[in-house]
Each structure stands twice: as structure tokens, then as C-alpha cells.
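These notes are about the structure you will find just below.
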Amino acid sequence: MTAYIQTRFLLVRRSKQIEFALLQEISIRSEGEREVFVSEAMIHFVLLISRQGKVRLTKWYSPYSQKERSKVIRELSGMILTRGPKLCNFVEWRGFKVVYKRYASLYFCMCINQDDNELEVLEIIHHYVEILDRYFGSVCELDLIFNFHKAYYILDEVLIAGELQESSKKTVARLVAAQDSLVEAAKEEAASISNIIAQATK
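Residue 190 in the numbering used here is what sits at position 190 of the sequence shown, and the numbering runs on without skipping anything.
Here it is as C-alpha cells:
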């Protein structure tokens, strides 16, 4: 009887350890913002397409040749731009799912595996758009045209290797602000060196 109780105790203890480990893996980050689950979805690529079919941003996390990329963009542009506004935001495509959402004149698209959670990816898209809004102040298509490098930088802070890396908008905003400070400091230093060289060569 004693051996049975000891075995039972060990099993319960082991079960609690496993449960705690799982809870650690499915962590939730919250810094005074709306809570966002850490994503398990694998994103193969990200596309930003205008209503006119112009590509404003592309990011590829899976290997595609240049020819394949052009074909993918052409296919998905034709599929998504012709869909009605009342249709769902998920499209079956080549054994994958493409999740998209329209904001003003831009379609934000992400390609995921068949068994990944579409609603989770919609949240990631919205998360990215909120960060762009916070940085640019009501982001529009022109912001992404003239400041495309900033859009890429913000995306790289949010996603790494096709997976959600940072769910805190405050953290991303802080990192982007730090990057801007470094760029400004580098510009000032370059201007100062140019002035010194100009004066020395007079």
C-alpha cells in the first residue's frame, strides 16, 4: 500500500512538472497592453499589395527563386484583389493558406501552413499595422513608399524566421526609436567630417 502511495505521489509530481513546463512554453506577454499569445504559426512570406496591384513590401521566409516569387505575387494579387469585401480573409492556395486583411488602400497578406491558426495570423497582421500606425501616425501607402526601409525594420522586429518574435508594441517602438537615434547620430558625424574635409581642402 505504501509503495502504491509513493508511486502515485511521484506520478502526480511528474504531471505537475510537465504542466508547469507547458505553461512556460505557452507564455503570455503583457505590458499594460492587450495580451497577445506567443505565436506558433510559421509564416512563409509577407506581401503588401495596393488596390492597383502594386507591391509595396515583400518578405520571404521560405526559399523561393526570383521567378517563383514573381509568379506567386502575380497569382495572389489576382486572387485577393478580385475577392468581394464580404468574403472571408482566408484563401486556399497551393496546399497553403493565405491570410489577408485590407487596411485603407493596402492588402496585408501572410502565407501559412494548412494546419496553422488563421485568426492568430490575423492578429499578427493587426499587430504590425498598429505598430506602423504608432510610428508614422495613421500610416498610409505613401509612408510605406517613401519610408519602406522603416517598414522593413519594424517587420524584422516583429517577425524573425517567419515566427512572431515581439508581441509588445512598446518594445518595438522603443527599438525603432533607438535605431532612429543611431541613424541621426551617424548623419551628424558624417556631416561634421565632411565639413572638416571641406575646410582642410580650401
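Note that CB positions come from ideal geometry on N, CA and C, so glycine has one too.
For the pair ALA178 and TYR153, the Cα-to-Cα distance works out to about 12 Å. Residue burial is scored here from C-beta neighbours: LYS169 has at least 16 other C-beta atoms within 10 angstroms and is therefore classed as buried. Three or more Cβ pairs closer than 8 Å define a contact, and the stretch 123-141 falls short of that threshold against the stretch 63-77. In the three-state reduction of the DSSP assignment, TYR64 falls in the coil class. Each residue's CA atom was taken as its position, placing CYS111 and SER77 some 13 Å apart.
Ranked by Cα distance from GLY95, the options GLN114, ASN89 and GLU118 are led by GLN114. Annotation for ASN113: the continuous beta strand (DSSP E) segment containing it runs 106-113. In terms of Cα proximity to MET42, the closest of VAL183, GLY84 and LEU159 is LEU159. GLU141 is a Cβ neighbour of SER105, given a cutoff of 9 Å. Just measuring C-alpha positions, the residue of VAL55, ARG51 and TYR61 sitting nearest ARG83 is ARG51.
With respect to the 9 Å criterion, GLU118 and ASN89 are classified as neighbours on the basis of their beta carbons. For VAL176, the enclosing alpha helix (DSSP H) stretches over residues 169-200. THR58 is bridged by DSSP to LEU47.
ILE193 is classed as exposed because its beta carbon has fewer than 16 other beta carbons within 10 Å across all chains shown. Cβ-Cβ separation between ALA151 and LEU57: approximately 6 Å, consistent with a contact (criterion under 8 Å).
Per DSSP, reduced to three states, the secondary structure at GLU166 is coil, with no helix or strand assignment.
Between the beta-carbon of TYR61 and that of ALA161 there is about 6 Å, and that keeps the pair under the 8 Å contact cut. Within the DSSP bridge table, the entry for ILE160 names GLU163 as partners.
Counting the other Cβ atoms within 10 Å of the Cβ of PHE45 gives 16 or more, which makes it buried.
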